[in-house]
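This report concerns only the one structure given below.
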Amino acid sequence: MNEELCRLGDDYWDYTMETNPTHAMMLGDHRFDEKVEEVSREAEDAQIARLRDFAGRAEAIDQAGLGQEERITRDVLIFEASTGADALETRAAEFAVNHAMGLQAMIP
-11 MNEELCRLGD
-1 DYWDYTMETN
9 PTHAMMLGDH
19 RFDEKVEEVS
29 REAEDAQIAR
39 LRDFAGRAEA
49 IDQAGLGQEE
59 RITRDVLIFE
69 ASTGADALET
79 RAAEFAVNHA
89 MGLQAMIP
């Protein structure tokens, strides 16, 4: 596999687990058990910037030298990072709280 793409995928996975420690624990990754999700506006802004960076790094990898599976991996990284940033930019946590939506529904 393309070394740069492989490293980027590993970095993205580690970042996802670090910023979503409850999900990491549920998947059996206990590196972040002492943490909880950071839900501040500043943390969201930092996550958006980091996700946009991941997408940009993936887009910068030239597809010409990639095999079919590597191109799929690259495209999935771009999609996941971009849509993750887009979702955070909606500021869903700021919607009115009710029984179905609100911060209480986002905290495990």
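Taking my numbering, I'd label the letters of the sequence shown as residues -11 to 96. For each residue, glycine too, the CB sits at the ideal point set by N, CA and C.
Beta-carbon spacing of residue i, residue j below 8 angstroms
i          : j          : result
residue 3  : residue 38 : yes
residue 49 : residue 40 : no
residue 76 : residue -4 : no
residue 14 : residue 21 : no
Buried versus exposed call for residue i [16 or more other C-beta atoms within 10 Å across all chains shown]
i          : result
residue 83 : exposed
residue 43 : buried
residue 55 : exposed
8 angstroms contact criterion, which residue i and residue j should meet: CB distance rounded
i          : j          : result
residue 9  : residue 24 : 6 angstroms
residue 69 : residue 46 : 7 angstroms
Residue i: first and last residue of the uninterrupted alpha helix (DSSP H) it sits in
i           : result
residue 64  : 56 to 77
residue 17  : Run containing residue 17: none; DSSP gives neither H nor E here.
residue -11 : Here residue -11 belongs to no alpha helix (DSSP H), and DSSP marks it neither H nor E.
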